[in-house]
Structure formats: C-alpha cells, structure tokens
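Read through the structure below, which is laid out as structure tokens, and then see the notes.
Residue numbers (our numbering): 613 to 991.
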C-alpha cells in the first residue's frame, strides 16, 4: 500500500473511494457519513408515519363526513350542490356540526371559539361581508337554525340575490385533545368553502391543516435531528474539500500551457462528479426537514413532505457508490443508454397526444372527463 500523501493526480480524481482506501489507505469517510444518514432519516419517516399520518388521514376523512357528507367525491375532492336548497342544507350542516363536533366524534376537541362561528361571504361585485353566527341562537332553534340563518344571511334564501354570491367560507379552528380536558395533540384549521364561481353549481370543498402540539418541549427525536444536521455539516465540509481539490488541479494544469491545451471541455468536466449537486440538494433537504421537525408546532403535511424529500434524496445518493461495482449499476447504465431513445419517442408522441386531447374536449365536452383541457389531458 502506497502512502496516502503520494496519490497521483489521475488516481486522486478517477479512482473510486474503495480503490483509494485499498491502494493508498484513504478511508472513505464520505461513504460512511452517507450510510450513517440513512438510519435517522428513514427511522424518522417511519416514526412520523406511524404516529401522525395514519391518525391525521383518518381524522380528515371524519371531517369530510361531518362538513361535506356523502356527496364527497374523492376524485375531484369536492361535492357539487346544484340547487339553493342543497346549498342551504350544506351551510346549516357545517355550522351545526362545528358547534356539536364532540357529539359526533370519538375523540375530544376543544373549540377555539365555541360561542361564535364567522362566515365570510364574497360577492361577484367584489364586496366581502363577515357574518357572525351565535351558537346560543343557532342551536336553540327548533328547526335546526334555518330561521336564524335566514335572518343572518337573507341572500342565501332569496333566488334573486343568490346569483350575486361568488363564494362562502367558514374557518373552523380547534384542538384535538389526548383525553377529556387533557393536553393538546393536534391543532386543526378546517376551512369549508362553497365556491360558486362556476355558473350553475356550488362546489363544496374542505381544506384541512393539522399542527403537531406534542413537540413544544425537548423531545427525543430532536436529538435525531441535531445528529442529522451535524452529519450534513461534516458531509458538506468533505464535499467542499473535493471541490477545492479539483480547483487546485485545474490551476496546476493551467500552469502548464502544453498540458492545458491538450485538454477538452469534457476532460475538465470529468474532474467534477455529477453526484455532487445531488449531494448538495440532499443536504439542503435534510437540514430543512430537521429544522421543520424541531419547530414547536409544525404543520403535519408540510413536515412529512420535507421528510419524504429528504428520505428520497438520501437513498438516491447511495446509488452513486454502485458505480464502484458495475454488477450493481445496471439500472443507471440502462437509463443512460436508453434515455435519448425514450426522449425522441416521447417527443414524437406529443403532437398525437395533444391532437386527441383537444379533439376530446371539442367533441365530448358534456362529459366530466373531457369538460376541461386539463381533464382531457389527464384522461
């Protein structure tokens, strides 16, 4: 084994990490750091999926049942209301189930304001009106609050004024409790929207956001995230060292006009690995995910998206080490050989695809599948 300080320039840049270790004793620290990152990133994704995602997704389905009902369409993520009576019943249902949410749920909720809910009405002329609905009046009505709603929102019951309504919005905010009068598990923001922008129908849509209230104090997974950030910092330092080495080699080559003149752009580019930008993006995603996880009340969906991207890039980055073992690099070798042919094929199909998609819109526009160009493209 040769001393590590006597590594020739060619071997320094073109041997893989394991060959450098065997020949010159240069330990593959970058490989070790990347392998160590796999464990906390993957475990954290599994932990939050088991603890949050299943529970939150089931709770979201429960909210759709409460505030939308059986009309919910999982494809369009909305329900269509075609008559004024359907709109009136749907608005009444959303208000009633908000005030009585604990009577219709198997978990406990604490409403931020259990006395008043505010409805925002947007007119087609740009006018906006905020209408308070009092629990005491609404729940005391024997007819389910219809008389009180007619008093507070007369335009909803007047067929001459209703066409001037563009949309209605109700924002429900409450906390999901671990038990009766116990600590907060999740803080919910549920927005019910009655969108009447399209003539002839109101679309009832539900937007849900859940915030984790369980991480206000120091938690064990904060140590995981701190470890991930530390490993990312070490890996970035090693990456910077590699870039500086390449820059130093280029300066040495430029000092020799004869050697520099014989090099092509491809020769110079081969000094830099295409995996280095992947590593940089990966560490940015990992650090971002760790910082989001250490927030006091992170939003569940955004946090899991950050963790998912971090996990994806961490595992993708490991594929670069398969280059050292050609027998395990078939997937990337096949992609590199076939990418140009596949791209040419896709380009040749695009005109035919657009032709049929646009023809479908023009001929079958009555069908929901071809009602819009977007629907036709996705059909």
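Don't be surprised by glycine CBs; every beta carbon is placed ideally from N, CA and C.
{"Check": "So what does DSSP say about residue 902, is it helix, strand or coil?", "Outcome": "helix"}
{"Check": "Thinking C-beta only, is residue 907 closer than 7 Å to residue 844?", "Outcome": "no"}
{"Check": "What would DSSP say about residue 627, mapped onto helix, strand or coil?", "Outcome": "coil"}
{"Check": "Under 6 Å Cβ to Cβ from residue 837, same chain only, skipping five residues before and after it: list those, please.", "Outcome": "902, 905, 906"}
{"Check": "Specify, as a first and last residue, the run of the alpha helix (DSSP H) that residue 715 falls within.", "Outcome": "It is not in any alpha helix (DSSP H) - residue 715 carries neither H nor E in the DSSP assignment."}
{"Check": "Would the beta-carbon of residue 918 fall within 7 Å of that of residue 900?", "Outcome": "yes"}
{"Check": "Under DSSP, the beta strand (DSSP E) around residue 787 begins and ends at which residues?", "Outcome": "777-789"}
{"Check": "Hey, out of 751, 781, 719, whose CA is closest to residue 735's CA?", "Outcome": "781"}
{"Check": "Hey, could you find the ends of the beta strand (DSSP E) residue 807 is sitting in?", "Outcome": "796-807"}
{"Check": "What are the start and end residues of the beta strand (DSSP E) that includes residue 731?", "Outcome": "728-735"}
{"Check": "Measuring straight from C-alpha to C-alpha, what distance separates residue 662 and residue 823?", "Outcome": "16 Å"}
{"Check": "Between which residues of its own chain and residue 567 is the CB-CB distance below 8 Å, once the five residues before and five after are set aside?", "Outcome": "Look at the range of the chain in this structure, 613 to 991, and you will see that residue 567 is not part of it."}
{"Check": "Report all residues from its chain with a CB closer than 6 Å to the CB of residue 691; omit the five preceding and five following residues, and keep chain order.", "Outcome": "680, 683, 684, 816"}
{"Check": "Could you spell out where the alpha helix (DSSP H) holding residue 881 opens and where it closes?", "Outcome": "877-881"}
{"Check": "Under 8 Å by Cβ, that's how I've got residue 862 and residue 880 pegged, so tell me the actual separation to the nearest angstrom.", "Outcome": "7 Å"}
{"Check": "Which one of 779, 969, 945, 853 has the shortest CA to CA distance from residue 739?", "Outcome": "779"}
{"Check": "With DSSP collapsed to three states, give me the class of residue 826.", "Outcome": "coil"}
{"Check": "Could you pull the DSSP bridge partners for residue 721 from this structure?", "Outcome": "788"}
{"Check": "Report, in whole angstroms, the separation of the C-beta atoms of residue 729 and residue 745, which I expect to be a contact under 8 Å.", "Outcome": "5 Å"}
{"Check": "Compute the Euclidean distance between the alpha carbons of residue 935 and residue 921, then round it to the nearest angstrom.", "Outcome": "23 Å"}
{"Check": "Which residues does DSSP pair with residue 693 in a beta bridge?", "Outcome": "814"}
{"Check": "Can you give the beta carbon distance from residue 783 to residue 676, rounded, assuming they're within the 8 Å contact cut?", "Outcome": "With 8 Å as the limit, residue 783 and residue 676 do not qualify as a contact, their Cβ atoms being about 16 Å apart."}
{"Check": "Ignore the nearest five residues each way along the sequence and tell me which others in residue 694's own chain have a CB closer than 6 Å to its CB.", "Outcome": "813"}
{"Check": "For residue 656, count neighbouring Cβ atoms within 10 angstroms of its own Cβ and tell me buried if that reaches 16, exposed if not.", "Outcome": "buried"}
{"Check": "Just curious, the beta strand (DSSP E) that residue 746 is in, first and last residue?", "Outcome": "740-746"}
{"Check": "Would DSSP call residue 756 helix, strand or coil?", "Outcome": "coil"}
{"Check": "Report yes if the C-beta distance between residue 969 and residue 988 is below 7 Å; otherwise report no.", "Outcome": "yes"}
{"Check": "Just verifying my parser: in three-state terms, what is the DSSP assignment at residue 820?", "Outcome": "strand"}
{"Check": "When DSSP labels each residue in this structure, what does residue 870 get in the three-state scheme?", "Outcome": "helix"}
{"Check": "Measure the alpha-carbon distance for residue 658 versus residue 725 and round it to whole angstroms.", "Outcome": "35 Å"}
{"Check": "Tell me the residue span of the alpha helix (DSSP H) that contains residue 974.", "Outcome": "942-975"}
{"Check": "Just how far apart, CA to CA, sit residue 831 and residue 664?", "Outcome": "15 Å"}
{"Check": "Can you name the start and end residues of the alpha helix (DSSP H) that residue 657 belongs to?", "Outcome": "641-660"}
{"Check": "When DSSP builds the beta bridges, which residues end up paired with residue 685?", "Outcome": "690"}
{"Check": "For residue 704, which option in 990, 810, 765 has the closest C-alpha, if you only look at C-alpha atoms?", "Outcome": "765"}
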